[in-house]
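Engineer:
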Amino acid sequence: MIHFDESIALLKQIEVECYKTKKLYLCDALGYVLAEDIVADHNSPAYPTSAMDGYAIRFEDQKRGALKLSSINPAGSGLIDTVKRGECIKTFTGSLMPEGSDTLIPIENVTVEGDTVIINEEVPHGFSVRSVGENYAKDERLIAKGTKVDIAQIGVMASLNIVAPLVFEKPTVSILSTGSELLELGQPQSNEAQIRSSNNYILEAIVKKYDGIPMQLGCMKDDKA
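Each residue of the sequence shown is one higher than the last, beginning at 334 in this note's numbering.
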C-alpha cells in the first residue's frame, strides 16, 4: 500500500505534455490555452493620432493668439491635410494628425468665430497626440504562449485581426469508481450495505472547473482475483 503523501509526490513527478493543438474561431477560443505567442505585426497607433476632439496646430503658433480654420479632419478619413503656419485643422478623437501639426488644442480651450479660432488657454507641446506605437510596437509580444484566453485576450487578438488563434486542445479525463458497494445515480438500492457513488461526480466537477473534459466510466465492482 502506498501512503497518500507518497502517491501525490509520485504524481507530481509525472511530466504531462499537451501536444494536440487546433485553431478555433476567436470567440470560441475563450477558456482555452494559447499554443503560440501573440506578436504584434504593426505599430498601434501606426500614425500620430488625436486623443480628443480639438484643433491640430503647430505648437509655436499658439503665441499668435488666433488661427485660421483651414479644414476639418473627420475620424476614419485616410486623407491627411497639412497644417500651414497660422492655421489649424479641426480634428476629432481617433483622427490621424495632419501633416505639419504636433499639438492638439482641445475645443474647451478655444472660441470659434467664423473661420477664426481664438486660443483662450495654451497647452504643452504634443498635448493630446498619441504617438506611434503608444499602445504597442511592431514585433512586441502581447500575449505569451500558455496564457488562458479571457475577455482581454479576445480584444487584443481582434485588434490584430487574428481570426482563429492556435490553442491547446482541452484534456479529456476518464473517471472510474471502484467498489462493489457503489450505486450509480438513479440506480435502485437492493440492500442497506450499498451507498451512492459521489467521488466520481466530485472529480467530474473539478475537471470541468479547470476546463478539462470529463468522461464518466461508471462504477466497477471489486474483483478479488
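Backbone N, C-alpha and C fix where the C-beta goes; we use that ideal spot for every residue, glycine too.
Contact between the segment 496-512 and the segment 350-369 is defined here as three or more beta-carbon pairs at a separation below 8 Å; is this criterion met?
Structural biologist: yes
Engineer: On the DSSP bridge assignment, give the partners of PHE392 in chain order.
Structural biologist: Numbered from its first residue, the sequence shown carries residue 392 at position 59. For PHE392, which the question treats as bridged, DSSP gives no partner whatsoever.
Engineer: Pick helix, strand or coil for ALA373, following the three-state DSSP scheme.
Structural biologist: If you number the sequence shown from 1, residue 373 lands on position 40. Correct three-state label for ALA373: coil.
Engineer: Grab me the residues of ARG529's own chain with a C-beta within less than 6 Å of its C-beta, minus the 5 sequence neighbours each way, in chain order.
Structural biologist: By one-based count along the sequence shown, residue 529 stands at place 196. LEU516, listed in sequence order.
Engineer: If you draw a straight line from the C-alpha of SER464 to the C-alpha of PRO407, how long is it?
Structural biologist: What you label residue 464 is simply residue 131 of the sequence shown in a count that begins at 1. What you label residue 407 is simply residue 74 of the sequence shown in a count that begins at 1. One C-alpha to the other measures close to 19 Å.
Engineer: How many Å lie between THR436 and LYS542 at the Cα?
Structural biologist: Here residue 436 corresponds to residue number 103 of the sequence shown, with the count starting at 1. Here residue 542 corresponds to residue number 209 of the sequence shown, with the count starting at 1. Annotation: THR436 to LYS542 spans about 51 Å, alpha carbon to alpha carbon.
Engineer: Can you have a look at ASN532 and say buried or exposed, based on whether 16 or more other CB atoms are within 10 angstroms of its CB?
Structural biologist: For the purposes of this step, residue 532 is taken as residue 199 along the sequence shown, with counting starting at 1. When all chains shown are included, ASN532 counts as exposed.
Engineer: Using 8 Å as the limit for Cβ to Cβ distance, is THR480 near chain D?
Structural biologist: Judged by its chain identifiers, the structure shown contains no chain D, having just a single protein chain.
Engineer: Going by the CB atoms, is the gap between ILE452 and ILE438 shorter than 8 Å?
Structural biologist: If you number the sequence shown from 1, residue 438 lands on position 105. If you number the sequence shown from 1, residue 452 lands on position 119. The answer is yes: Cβ separation under 8 Å.
Engineer: Between VAL496, GLU393 and TYR534, which has its C-alpha nearest LEU509's C-alpha?
Structural biologist: Sequence index remark: in the sequence shown, residue 509 carries index 176 (1-based). Checking every option, the nearest Cα to that of LEU509 belongs to TYR534.
Engineer: ARG397 to ASP386, Cα distance in whole Å?
Structural biologist: As a position in the sequence shown, residue 397 is number 64, starting the count at 1. As a position in the sequence shown, residue 386 is number 53, starting the count at 1. So the alpha carbons of these two residues sit roughly 21 Å apart.
Engineer: Would you say the segment 375-395 touches the segment 414-434, given that touching needs at least three Cβ pairs under 8 Å?
Structural biologist: yes
Engineer: Quick check on this structure: which residue in SER410, GLU369 and VAL443 has the alpha carbon closest to the alpha carbon of LEU402?
Structural biologist: On the sequence shown, residue 402 is found 69 positions in, with the first residue counted as 1. The shortest C-alpha separation from LEU402 is found at VAL443.
Engineer: What residue range does the alpha helix (DSSP H) around VAL489 cover?
Structural biologist: Walking along the sequence shown from the start, residue 489 turns up at place 156. Here the alpha helix (DSSP H) through VAL489 covers 484-492.
Engineer: Can you tell me which residues form a DSSP beta bridge with SER507?
Structural biologist: Sequence index remark: in the sequence shown, residue 507 carries index 174 (1-based). Its beta-bridge partners are MET548.
Engineer: Could you tell me if THR382 is buried or exposed, where buried requires 16 or more neighbouring beta carbons within 10 angstroms of its beta carbon?
Structural biologist: On the sequence shown, position 49 is the one that residue 382 refers to. Per the 10 Å Cβ criterion, buried.
Engineer: According to DSSP, is ILE495 part of a helix, a strand, or is it coil?
Structural biologist: Taking the sequence shown and counting its residues from 1, the one referred to as residue 495 is at position 162. Coil, per DSSP.
Engineer: Label LEU400 either buried or exposed according to how many other C-beta atoms from any shown protein chain fall within 10 Å of its C-beta, with 16 as the threshold for buried.
Structural biologist: Reading the sequence shown from its first residue, position 67 is the one you call residue 400. Around the CB of LEU400, 16 or more other CB atoms lie within 10 Å, so the residue is classed as buried.
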